[in-house]
Amino acid sequence: MRKKIVAGNWKMNTLPAEGVVLAEGVVAGRGEVCSCVNFIVCPPFTHLSEVAAALKGSDVELGAQNCAAEAKGAYTGEVAASMIAALGCKYVILGHSERRQYYGETSETLNKKMEQAYANGLTPIYCVGENLDEREAGKHFDVVKAQIEEVVYNLTAEQFADLVIAYEPVWAIGTGKTATAEQAQEIHAYIRKVLADKFGAAAAECPILYGGSCKPSNAAEIFAKEDVDGGLIGGAALKAEDFLAIGKGFEK
Ligand code: PGA
Numbered sequence: 387m388r389k390k391i392v393a394g395n396w397k398m399n400t401l402p403a404e405g406v407v408l409a410e411g412v413v414a415g416r417g418e419v420c421s422c423v424n425f426i427v428c429p430p431f432t433h434l435s436e437v438a439a440a441l442k443g444s445d446v447e448l449g450a451q452n453c454a455a456e457a458k459g460a461y462t463g464e465v466a467a468s469m470i471a472a473l474g475c476k477y478v479i480l481g482h483s484e485r486r487q488y489y490g491e492t493s494e495t496l497n498k499k500m501e502q503a504y505a506n507g508l509t510p511i512y513c514v515g516e517n518l519d520e521r522e523a524g525k526h527f528d529v530v531k532a533q534i535e536e537v538v539y540n541l542t543a544e545q546f547a548d549l550v551i552a553y554e555p556v557w558a559i560g561t562g563k564t565a566t567a568e569q570a571q572e573i574h575a576y577i578r579k580v581l582a583d584k585f586g587a588a589a590a591e592c593p594i595l596y597g598g599s600c601k602p603s604n605a606a607e608i609f610a611k612e613d614v615d616g617g618l619i620g621g622a623a624l625k626a627e628d629f630l631a632i633g634k635g636f637e638k
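Sequential numbering from 387 applies to the sequence shown in this note's numbering.
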């Protein structure tokens with residue numbers, strides 16, 4: 387049985403005190419959602435410590451949105467995987483399309499970040515996904531395949547057993563335009579096949595999340611698909627009520 391995961395990517399939103407209120411809201415309402423759903427919140431670095439305190443005693447887990455490619459040293463402005471792990475993070479989002487697009491993250495950088503994550507006991511949530519031009523040109527399968535081959539294929543079997551993948555079509559992120567449940571299933575099944583080509587039966591255990599304008603009104607339909615194991619949620623994760631309602635999508 388694959389893990390069911392609803393992860394909130396807060397991006398560069400909320401001040402620390404607001405983040406604490408949001409995390410408290412998630413903790414307070416969490417009991418209304420099946421304990422089979424694993425909730426993860428990924429606030430900005432600056433809030434990790436306070437949000438970790440707010441999550442204490444609950445089963446809501448903490449993740450960061452990025453980590454440095456290097457272990458430590460003279461890298462002004464960077465935050466090491468060891469630092470976020472020390473603050474209580476269990477997960478780190480890597481390869482988000484916004485990082486690839488605005489900060490030039492390449493597979494080469496991401497390989498190093500993945501190594502740092504594993505070296506510090508963090509589970510990467512590795513993001514893949516095509517942009518609109520690529521989708522319209524019918525290249526989406528090739529794009530996600532390359533993003534997986536260039537990074538995930540370099541993992542050991544042991545590392546792969548501790549990986550979450552998020553499929554996020556760039557054209558659906560923050561646009562209100564969601565992939566249909568059928569589009570999500572089609573590409574999730576394809577991703578699982580690409581993973582199985584390298585890792586065999588272990589691919590059946592890898593959670594693959596959908597991301598891109600996922601909200602309470604569409605989560606149930608998307609999560610009902612066989613190869614969709616949850617969501618990576620941006621905008622709708624900024625309201626505890628919506629975030630939790632997305633988790634309820636598994637019950638419908
Ligand atoms: P969105 O973002 O839910 O606001 O579309 C998802 C993401 O980028 O992780």
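Note that the Cβ used here is the ideal one computed from N, Cα and C, for glycine as well.
query: Please name the residue or residues paired with Thr432 in a DSSP beta bridge.; result: The partner list for Thr432 (beta bridge, DSSP) is empty, contrary to what the question assumes.
query: Taking 7 Å as the line, does the beta carbon of Glu418 fall inside it for any heavy atom of ligand 1?; result: no
query: Counting only the same chain and skipping the five closest in sequence on each side, list residues whose C-beta sits under 6 Å from that of Lys584.; result: Tyr539
query: Please state whether the Cβ-Cβ distance between Gly481 and Leu496 is less than 8 Å.; result: yes
query: Going by CA-CA distance only, name the one from Ala623, Pro593, Glu612, Arg485 that's closest to Arg388.; result: Pro593
query: Consult DSSP for Gly394 and reduce its assignment to one of helix, strand or coil.; result: strand
query: Note the first and the last residue of the continuous alpha helix (DSSP H) segment covering His504.; result: According to the sequence shown, residue 504 is Tyr rather than His. Its alpha helix (DSSP H) spans residues 493-505.
query: Verify the contact flag: Glu491, CB atom, against every heavy atom of ligand 1, threshold strictly below 7 Å.; result: no
query: With DSSP as the reference, please indicate the residues paired to Ser427 in a beta bridge.; result: In the sequence on display, residue 427 carries Val and not Ser. Beta-bridge pairing links Val427 to Gly394, Leu448.
query: Look at the alpha carbon of Lys611 and the alpha carbon of Ala590, and state the distance between them as a whole number of angstroms.; result: 14 Å
query: Just checking, does the segment 523-539 make contact with the segment 449-456 on the three C-beta pairs under 8 Å criterion?; result: no
query: Leaving out five residues on either side along the sequence, give the residues of the same chain with a beta carbon under 6 Å from the beta carbon of Lys601.; result: Ala622
query: Could you check whether Val392 and Gly597 sit closer than 8 Å to each other, using their CB atoms as the reference points?; result: no
query: Report the residue from Glu572, Gly415, Ala438, Asn604 whose alpha carbon sits nearest the alpha carbon of Ile470.; result: Ala438
query: Go through its chain and collect everything with a Cβ distance to Leu630's Cβ below 6 Å, but skip five positions before and after it.; result: Gly415, Val419
query: Under three-state DSSP, which class holds Tyr576?; result: helix
query: I'd like the list of long-range same chain contacts for Asn604, defined as Cβ closer than 7 Å, with 5 residues on each side in sequence excluded.; result: Thr564
query: Could you check how far apart the C-beta atoms of Val530 and Ile577 are, in whole angstroms? I think they sit under 8 Å.; result: 6 Å
query: Report the three-state DSSP secondary structure of Gly481 (helix, strand or coil).; result: coil
query: Can Asn399 be considered in contact with ligand 1, in the sense that its beta carbon sits closer than 7 Å to one or more heavy atoms?; result: no
query: Roughly how many whole angstroms lie between the Cα atoms of Asp528 and Ile511?; result: 20 Å
query: Name the residue from Leu441, Ser444, Thr542 whose alpha carbon lies nearest to the alpha carbon of Leu581.; result: Thr542
query: May I have the straight-line CA-CA distance separating Lys642 from Lys634, to the nearest angstrom?; result: Nothing about residue 642 can be reported from this structure: the residues present for the chain run from 387 to 638 only.
query: Only counting the same chain, and skipping five residues up and downstream in sequence, which positions put a Cβ closer than 6 Å to that of Ile426?; result: Ala393, Glu447, Gly449, Tyr477
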